[in-house]
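Student: Supplied in structure tokens, the structure appears directly below.
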Amino acid sequence: MILVAVVEDEVQEQQKLRSFLADYAAQTGEKFTVSLFSRGADFLDCPESFDLALVDIMLGQENINGIEVAHQWRAKNPDALLIFVTNMLQYALQSYAVDALNYIVKPVEYSLFAQKLVRAVELLHLRRKKKICFTTQSGMECLDGEEIYYIETFGRGLKIHTVNRSIYCTETLKTMEELLQQECFFRCHKAILVNLLHVSSIHKASVTIGGEEVPVSRHRKKEFMDALVNCFGGSVS
809 MILVAVVEDE
819 VQEQQKLRSF
829 LADYAAQTGE
839 KFTVSLFSRG
849 ADFLDCPESF
859 DLALVDIMLG
869 QENINGIEVA
879 HQWRAKNPDA
889 LLIFVTNMLQ
899 YALQSYAVDA
909 LNYIVKPVEY
919 SLFAQKLVRA
929 VELLHLRRKK
939 KICFTTQSGM
949 ECLDGEEIYY
959 IETFGRGLKI
969 HTVNRSIYCT
979 ETLKTMEELL
989 QQECFFRCHK
999 AILVNLLHVS
1009 SIHKASVTIG
1019 GEEVPVSRHR
1029 KKEFMDALVN
1039 CFGGSVS
């Protein structure tokens, strides 16, 4: 799922861009969640973390134009992708000052739109090969799998322990296990999924990860040790 913001003050243009995204999704199987904003201020106030923003440079009667909106948004979202939409070619070069991926000149034609979108989608997928994305109470969050120490069930959701912080997630442990199946993760307990790369010591009924002792079920201990060996590609003592 790719989260897209369309920041455009003209309703007709908003609907056109949303329609183009729907057409692209139908043709490629890509999945988008699209949010529409008529005002740059509303976009900047939105707490959602978007993967891609399509921003009109000229935002009608606002005191802030699309370039300034992009500057402020980029400061908080340095890794997100940005494409400007404009009917004034002289502003196009300014788009690169805020590290825009590209720009599209109005009137927007689908063939050109799809061409620009392909590059954005490819970049997002390339980045996500090393990231997992999950749902929290405040929206979607993505992080590198290697940042995770372990994940445990917590109330009706999950608590993800990472190198720097703990994140509360509304996914199930089974879902996270499936998301991380290509990584060095193992379900060492019915309620715990651990990152084998962060195991620092092994005890009779537990392991130490990130300075914390995490239980390992007795009936999963042999499988756990096998997984650890496979992860490191050698013996474990």
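Numbers 809 to 1045, taken from this note's numbering, label the letters of the sequence shown in order. Every residue gets a Cβ at the ideal spot worked out from N, C-alpha and C, and that includes glycine. Please read all numbers here as calculations on a predicted model, not as lab measurements.
#1: Within a Cβ cutoff of 8 angstroms, which residues of the same chain sit near D859, ignoring the five residues on either side of it in sequence?
#2: For N910, report the span of its alpha helix (DSSP H) as first-last.
#3: According to DSSP, simplified to helix, strand and coil, what is T983?
#4: My assumption, with CB atoms under 8 angstroms, is that G848 sits in contact with V814. Please give the rounded CB distance.
#5: If you count every other CB in all the chains shown that lies within 10 Å of the CB of G874, and 16 or more means buried, which is it?
#6: In the DSSP output, what is D864 paired with across the bridge?
#7: I'd like the list of long-range same chain contacts for V971, defined as Cβ closer than 6 angstroms, with 5 residues on each side in sequence excluded.
#8: Once DSSP output is grouped into helix, strand and coil, what is the label at E954?
#9: Which class does R973 belong to by DSSP, given the choice of helix, strand or coil?
Tutor: Reading from the atomic positions:
#1: Your numbering for residue 859 matches position 51 in the sequence shown. Result list for D859: I810, L811, V812, A888, L889, L932, in chain order.
#2: Counting from one through the sequence shown, the residue named residue 910 turns up at place 102. Counting along the chain, N910 falls outside any alpha helix (DSSP H), though it belongs to the beta strand (DSSP E) covering 910–913.
#3: Stepping through the sequence shown from its first residue, residue 983 is reached at position 175. Correct three-state label for T983: helix.
#4: Position 40 of the sequence shown, counted from the start, is the residue given in the question as residue 848. Position 6 of the sequence shown, counted from the start, is the residue given in the question as residue 814. Actually they do not touch by this definition, with Cβ atoms about 12 angstroms apart.
#5: The residue you call residue 874 lines up with position 66 of the sequence shown. Buried is the call here.
#6: Position 56 of the sequence shown holds residue 864. Per DSSP, V893.
#7: Taking the first residue of the sequence shown as 1, we reach residue 971 at position 163. Cβ within range, chain order: E955.
#8: Within the sequence shown, numbered from 1, the residue matching residue 954 stands at position 146. If DSSP states are grouped into helix, strand and coil, E954 belongs with the helices.
#9: For the purposes of this step, residue 973 is taken as the residue at position 165 of the sequence shown. Looking at R973 - three-state DSSP - the assignment turns out to be coil, as it is neither helix nor strand.
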